[in-house]
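Which chain is which? The protein sequence lines are A and B, in order.
Residues 1 to 117 (this note's numbering) are what the first sequence spells out, left to right.
Residues 1 to 117 (this note's numbering) are what the second sequence spells out, left to right.
Just so it is clear, CB atoms sit at the ideal spot from N, CA and C, and this is done for glycine as well.
Number of protein chains: 2
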Amino acid sequence: MMPENSPRSEAGQHAPLEAVEALKALANPARLQIMEWLRDPHTEFAEWEPIADRDEVGVCVSHLQAKSGLAQSTVSSYMTTLERAGLVRSTRIGKWIHYRRDEHAMSRLAGVLHTPS
Amino acid sequence: MMPENSPRSEAGQHAPLEAVEALKALANPARLQIMEWLRDPHTEFAEWEPIADRDEVGVCVSHLQAKSGLAQSTVSSYMTTLERAGLVRSTRIGKWIHYRRDEHAMSRLAGVLHTPS
DNA sequence: TTTTCATATCGTGACATCGCGATATGACAA
DNA sequence: TTGTCATATCGCGATGTCACGATATGAAAA
């Protein structure tokens with residue numbers, strides 16, 4: 001049974017802080033760009049030798065760094081930001097940590113902005 | 001013919017700055033909350049007497065201020081931020097400036113995050 | 001073990017955002 | 001014109017983000 005005098009028990013009405021964190025993570029040109037690259041890593045990173053299947057595990061930090069032109073530390077912390085926001089998942093393969101998009105999370109976030117009628 | 005040595009002339013690949021501005025505008029709990037209220041202004045602002053048809057012109061700053069509990073200047077500048085980002089449109093009715101969601105803009109932004117397959 | 005190399009974390013100055021009170025603007029009323 | 005009221009802009013200290021170089025971590029190679 002639901003607690004009787006709980007304020008705003010109308011679930012799903014308030015702006016979720018989780019969504020705000022995800023939007024903050026995307027509200028940066030470099031991070032948004034990386035997220036778009038990770039939509040089709042096989043095509044976008046064709047000029048670098050893949051360490052593992054990019055459609056499965058995504059792209060390693062070195063290749064993200066090479067394509068973006070940003071400092072290594074910058075790319076690393078950006079990917080941490082995106083992962084904390086729940087927008088990417090990481091997989092270690094040998095020495096390389098690979099990041100891939102979480103399509104479900106992106107889809108859910110898009111739904112917060114615009115619920116298709 | 002395309003200029004031969006122009007860097008990244010692959011159109012439509014880069015993350016649009018327009019989208020980044022919109023995401024920045026939404027990456028704040030109060031502003032995101034306001035955008036959600038403006039999805040159904042008729043219901044959300046039922047306790048305040050409407051100055052005009054809310055489904056048409058949206059909600060005036062006074063009512064947004066009352067519901068949010070923020071300072072008047074804060075709400076005003078937040079709405080300016082959202083309007084500059086192209087996420088709301090404004091209409092003056094008497095002394096009251098009303099803001100309503102731009103659903104097309106929100107839908108387009110959602111599409112940047114997740115293109116439905 | 002020591003070295004190498006990919007990635008993460010730390011520390012930084014420059015700059016942006018936050019939310020406010022004070023004040024300006026500008027439409028309407030008197 | 002003067003006053004009133006809704007909204008916009010200004011100025012502020014506090015806090016957060018930016019992108020970097022330097023350094024730490026930690027896995028694998030030598």
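Check: Extent of the continuous alpha helix (DSSP H) to which T91(B) belongs; Outcome: Looking at the DSSP string, T91(B) is not in any alpha helix (DSSP H); the run it does join, the beta strand (DSSP E), is 88–93.
Check: Cutoff 6 Å; reference L21(B); Cβ partners in own chain excluding five residues on either side; Outcome: The question names Leu, but residue 21(B) is Glu in the sequence shown. If we look at E21(B) and ignore the five residues flanking it on each side, its Cβ neighbours are A85.
Check: Sheet register partners of W37(A) (DSSP bridge); Outcome: DSSP output for W37(A) lists no bridge partner at all.
Check: When A27(A), G58(A), P41(A) are compared against I93(A), the one with the closest alpha-carbon; Outcome: G58(A)
Check: Every unbroken beta strand (DSSP E) inside the stretch 48–94 of chain A [3 residues or more]; Outcome: 88–93
Check: DSSP-derived helix/strand/coil call for H42(B); Outcome: helix
Check: Span separating the alpha-carbon of V75(A) from that of E49(B); Outcome: 51 Å
Check: H114(A) in three-state terms, based on DSSP; Outcome: coil
Check: Beta-carbon spacing of L157(A), L26(B) below 7 Å; Outcome: There is no way to answer for residue 157(A), as the model of chain A reaches only from 1 to 117.
Check: Test: S68(B) CB closer than 7 Å to a CB of chain A; Outcome: no
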